[in-house]
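For reference, each letter of the sequence shown is one residue, going 165 to 592 in the numbering used here.
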Amino acid sequence: MNEYDSNRIFDSVKKIGYEKTEKYNEANCYLLNTCHIRDKAKEKVYHEIGRVKKIFRAKKKPLVIIAGCVAQAENQEMLKREPYIDLVIGPQSYHKINDTILNYTDKKKIEETEFDAVSKFEYLSRIKNESGKKTSFLTIQEGCDKFCHFCVVPFTRGPEYSRPFNQILDEAKSLADQGAKEIILLGQNVNAYNDDGLKLSDLIFSIEKIKDIERIRYTTSHPNDMSDDLINVYKDSKKIMPLIHLPIQSGSNKVLKLMNRKHTIDEYLNIFDRLKKINSEIEFSSDFIIGYPGEDENDFKDTLNLINKIKFINSYSFVFSPRPGTRAEKLKQIDKNITSARLKIIQKQLLENQIKKNNSFENKIIKVLVENQTDDKTKLFGRSEYMSSVIFDGNKNLIGKFIDIKILKSNQLTMFGEIDQISKMKVA
Ligand code: SAM
Ligand code: SF4
């Protein structure tokens, strides 16, 4: 979502004359879009400002804008802690960014941190989303009312908000007109989407009617919002991809309760079984928080067992990070040596499962959406239905096309292959 937001901020400031520059040392404005989900992300922001300060020590100071969730959470604190910052603008105030910049004078620090998602999306939908990418993000929902005890999202992104259905469809059509073939619908709880009774399933079926869009994905979803209609999408949709990112956080019911997740392991497994029955090729990915206060060795083993049962194709795992203002902030922390040892074990297991899965595609032919050339421009790069990167030789005219690739070898994240000869003839 931060990538989507950054692009939309850029779509906006372009209107008042800003351009992107690779010349880091010559920029007259730095705009940092920030994440507050874990503490490390916040510290990176201050570190980055330190770097900018060093570069400009002997030169005229650039305009420094902090956008995103750190800006929302720290607001005035940021302006006090780091006087080098000029403007602080939270994620629901991007519609004000142009005026804020234009009204800025160097005597006046400005903070914009109201929650006003309606105005923001009305404004952003008037400015074309110029992603121009074959795989494009599209935010449909923001914020959260669930208040898991570890999480800052309800405080930084505000209450759950679903964008108007037609506003989203217009953006999807415009992305298709610019060449998008795949759309990734975004939200902190994307499957809680509800615009006056129109749900995520309705959106998926409407977007799939756009001829040029051939793949649809959504992220991130919450187990409690995997409703029957959404599960049935996997029966009836021809364009939904068979990979579901459905975070579970822990394999222990006790820890889930402590986290205030409001779902159990059995409920999660039930969703897994129902989807596998519909299509055995569907794969799951997840998020895990390791070392949540109260997690003991047995809880940790339960998480390992769950990982081995579900065989997640790809997952994110992090040590618990206490966040300001959350219920878990003041709980007794688990010793760092224990949590980092647990994280290592979990990540090793996740990695093994992931490598096995990728290896299982070797010598098979899979459909790949060609996204771009590799950075060194020697090969092409695309994605499988399961989001794995696939690298192969080919002409750059193939960018934006779907092509059958025979997988020759693979590692954790990437598969390497060659264009299937029959597919090559069809594309030619
Ligand atoms: N809404 C989604 C859900 O409920 O599963 C998750 C969205 S959250 C923005 C993304 C991920 O960040 C979470 O799934 C969680 O694993 C991780 N996360 C959130 N707060 C965290 C914390 N305090 N420490 C470590 N990881 C955290
Ligand atoms: Fe955070 Fe997701 Fe829980 Fe909401 S449901 S509080 S976004 S982890």
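No residue lacks a Cβ here, since even glycine has one placed at the ideal position from N, Cα and C. These figures come from a predicted structure and were not determined experimentally.
*Using only the heavy atoms of ligand 2, determine whether one of them is closer than 7 angstroms to the beta carbon of residue 317.*
Taking the first residue of the sequence shown as position 1, residue 317 is located at position 153. Because some heavy atom of ligand 2 lies under 7 angstroms away, the Cβ of residue 317 counts as near it: yes.
*Taking Cβ positions, are residue 327 and residue 304 nearer each other than 8 angstroms?*
The residue you call residue 327 lines up with position 163 of the sequence shown. The residue you call residue 304 lines up with position 140 of the sequence shown. Contact: yes.
_Length at least 4, wholly inside the segment 278 to 324: the alpha helix (DSSP H) runs in chain order_ = Listed in chain order, they are 281 to 290 and 317 to 320.
*If you draw a straight line from the C-alpha of residue 245 to the C-alpha of residue 361, how long is it?*
The residue you call residue 245 lines up with position 81 of the sequence shown. The residue you call residue 361 lines up with position 197 of the sequence shown. Cα to Cα, residue 245 sits roughly 45 angstroms from residue 361.
*asked:* If I follow the unbroken beta strand (DSSP E) through residue 451, where does it start and stop?
replied: Sequence index remark: in the sequence shown, residue 451 carries index 287 (1-based). Unbroken beta strand (DSSP E) run through residue 451: 447 to 454.
_Which complete alpha helix (DSSP H) runs does the segment 439 to 520 hold, if anything under 4 residues is left out?_
461 to 474
*Thinking C-alpha only, which one of 368, 247, 354 and 517 is nearest residue 403?*
Taking the sequence shown and counting its residues from 1, one reaches residue 403 at position 239. Looking at the Cα atoms, 368 is the closest of the given residues.
*Count the other C-beta atoms from every protein chain shown that fall within 10 angstroms of the C-beta of residue 465, then say buried if there are 16 or more, exposed otherwise.*
The count along the sequence shown starts at 1 and reaches residue 465 at position 301. Exposed.
*Measuring alpha carbon to alpha carbon, tell me which of 353, 460, 235 and 448 ends up nearest residue 498.*
Along the sequence shown, one-based indexing puts residue 498 at 334. The residue with the shortest Cα to Cα distance from residue 498 is 460.
*asked:* Suppose contacts are defined by Cβ-Cβ distances below 8 angstroms. Is residue 364 in contact with residue 394 by that definition?
replied: On the sequence shown, position 200 is the one that residue 364 refers to. On the sequence shown, position 230 is the one that residue 394 refers to. Cβ atoms of residue 364 and residue 394: closer than 8 angstroms.
*Under the three-state reduction of DSSP, which class applies to residue 529: helix, strand or coil?*
Taking the first residue of the sequence shown as 1, we reach residue 529 at position 365. The answer is strand: DSSP assigns residue 529 an E or B state.
*Rounded to whole angstroms, what's the CA-CA distance from residue 545 to residue 409? Just pull it up for me.*
Against the sequence shown, residue 545 aligns to sequence position 381. Against the sequence shown, residue 409 aligns to sequence position 245. For residue 545 and residue 409, the distance between alpha carbons rounds to 22 angstroms.
*Which of helix, strand or coil does DSSP assign to residue 244?*
For the purposes of this step, residue 244 is taken as residue 80 along the sequence shown, with counting starting at 1. DSSP places residue 244 in helix when its eight states are reduced to three.
*asked:* Considering Cα atoms alone, identify which of 443, 549 and 230 is closest to residue 381.
replied: Translated into the one-based positions of the sequence shown, residue 381 becomes position 217. Here the closest residue by C-alpha is 549.
*Is DSSP giving residue 579 helix, strand or coil here?*
Locating residue 579 in the sequence shown gives position 415, counting from the first residue. Here residue 579 sits in strand by DSSP.
*Around the C-beta of residue 169, are 16 or more other C-beta atoms found within 10 angstroms, so that it is buried, or is it exposed?*
The residue you call residue 169 lines up with position 5 of the sequence shown. The residue in question, residue 169, is buried, as its Cβ has 16 or more Cβ neighbours within 10 Å.
*Can you give me the start and stop residues for the alpha helix (DSSP H) that residue 215 sits inside?*
Position 51 of the sequence shown holds residue 215. Segment 203 to 219, the alpha helix (DSSP H) holding residue 215.
*Check each candidate in 482, 234, 448 and 385 and name the one with the smallest Cα separation from residue 472.*
Locating residue 472 in the sequence shown gives position 308, where the first residue counts as 1. Checking every option, the nearest Cα to that of residue 472 belongs to 448.
*List the endpoints of the continuous beta strand (DSSP E) containing residue 547.*
If you number the sequence shown from 1, residue 547 lands on position 383. Counting along the chain, the beta strand (DSSP E) containing residue 547 begins and ends at 544 to 547.
*Is residue 202 near ligand 1, judged by its Cβ being under 7 angstroms from some heavy atom?*
Along the sequence shown, one-based indexing puts residue 202 at 38. At least one heavy atom of ligand 1 is nearer than 7 angstroms to the Cβ of residue 202, so yes.
*Taking C-beta to C-beta, are residue 306 and residue 351 nearer than 8 angstroms?*
Walking along the sequence shown from the start, residue 306 turns up at place 142. Walking along the sequence shown from the start, residue 351 turns up at place 187. Contact flag set, yes.
_residue 130, enclosing alpha helix (DSSP H) - first and last residue_ = In the structure as shown, the chain starts at 165 and stops at 592, and residue 130 therefore has no counterpart that could be examined.
*Considering only C-alpha positions, which residue in the set 401, 454, 511 and 445 is nearest to residue 416?*
Counting from 1 along the sequence shown, the entry for residue 416 is found at position 252. Closest option to residue 416, Cα to Cα, is 454.
_Please list the terminal residues of the continuous beta strand (DSSP E) segment that includes residue 197._
Position 33 of the sequence shown, counted from the start, is the residue given in the question as residue 197. Start and end: 193 to 198.
*Same chain, Cβ closer than 8 angstroms to residue 250, neighbours up to 5 away in sequence not counted*: What you label residue 250 is simply residue 86 of the sequence shown in a count that begins at 1. Closer than 8 angstroms at Cβ, skipping near neighbours: 227, 228, 229, 268, 270, 273 and 274.
*asked:* Let me check you understand the geometry: is the CB of residue 311 closer than 7 angstroms to at least one non-hydrogen atom of ligand 2?
replied: The residue given as residue 311 occupies position 147 in the sequence shown. Because some heavy atom of ligand 2 lies under 7 angstroms away, the Cβ of residue 311 counts as near it: yes.
_residue 534 beta carbon less than 8 angstroms from that of residue 563_ = Within the sequence shown, the letter at position 399 stands for residue 563. Within the sequence shown, the letter at position 370 stands for residue 534. Closer than 8 angstroms, so yes.
*Identify the continuous alpha helix (DSSP H) that holds residue 172 and give its terminal residues.*
Numbered from 1 along the sequence shown, position 8 holds the residue referred to as residue 172. Counting along the chain, the alpha helix (DSSP H) containing residue 172 begins and ends at 166 to 177.
_Output needed for residue 558: all residues of its chain with C-beta closer than 6 angstroms, excluding positions within five of it in sequence on either side, in chain order._
For the purposes of this step, residue 558 is taken as the residue at position 394 of the sequence shown. Here the set comprises 544 and 583.
*Report yes if the C-beta of residue 219 is less than 7 angstroms from at least one heavy atom of ligand 1; otherwise report no.*
The count along the sequence shown starts at 1 and reaches residue 219 at position 55. Checking every heavy atom of ligand 1 against the Cβ of residue 219, none is found closer than 7 angstroms.
_Where residue 572 falls: helix, strand or coil (DSSP)_ = Position 408 of the sequence shown, counted from the start, is the residue given in the question as residue 572. Residue 572 falls in the strand class under three-state DSSP.
*Can you grab the Cα-Cα spacing for the pair residue 265 / residue 488, in whole Å?*
Position 101 of the sequence shown, counted from the start, is the residue given in the question as residue 265. Position 324 of the sequence shown, counted from the start, is the residue given in the question as residue 488. Near 29 angstroms, if we compare the C-alpha coordinates of residue 488 and residue 265.
*Could you say which of 173, 297, 399 and 434 lies nearest to residue 257 if we only look at CA atoms?*
As a first step, residue 257 must be located in the sequence shown, where it is residue number 93. Checked all of 173, 297, 399 and 434; the closest Cα to residue 257 is 173.
*So, using beta-carbon positions, are residue 344 and residue 373 closer together than 8 angstroms?*
Residue 344 sits at position 180 when you count from the first residue of the sequence shown. Residue 373 sits at position 209 when you count from the first residue of the sequence shown. In this structure, residue 373 does not lie closer than 8 angstroms to residue 344 by Cβ.
_Three-way DSSP call (helix, strand, coil) for residue 353 in this model_ = Here the question's residue 353 lines up with position 189 in the sequence shown. When secondary structure is reduced to three states using DSSP, residue 353 falls in the coil class, being assigned neither helix nor strand.
_Going by C-alpha to C-alpha distance, which of 200, 199, 193 and 203 sits closest to residue 216?_
Position 52 of the sequence shown holds residue 216. Ranking the options by Cα distance to residue 216, first place goes to 193.
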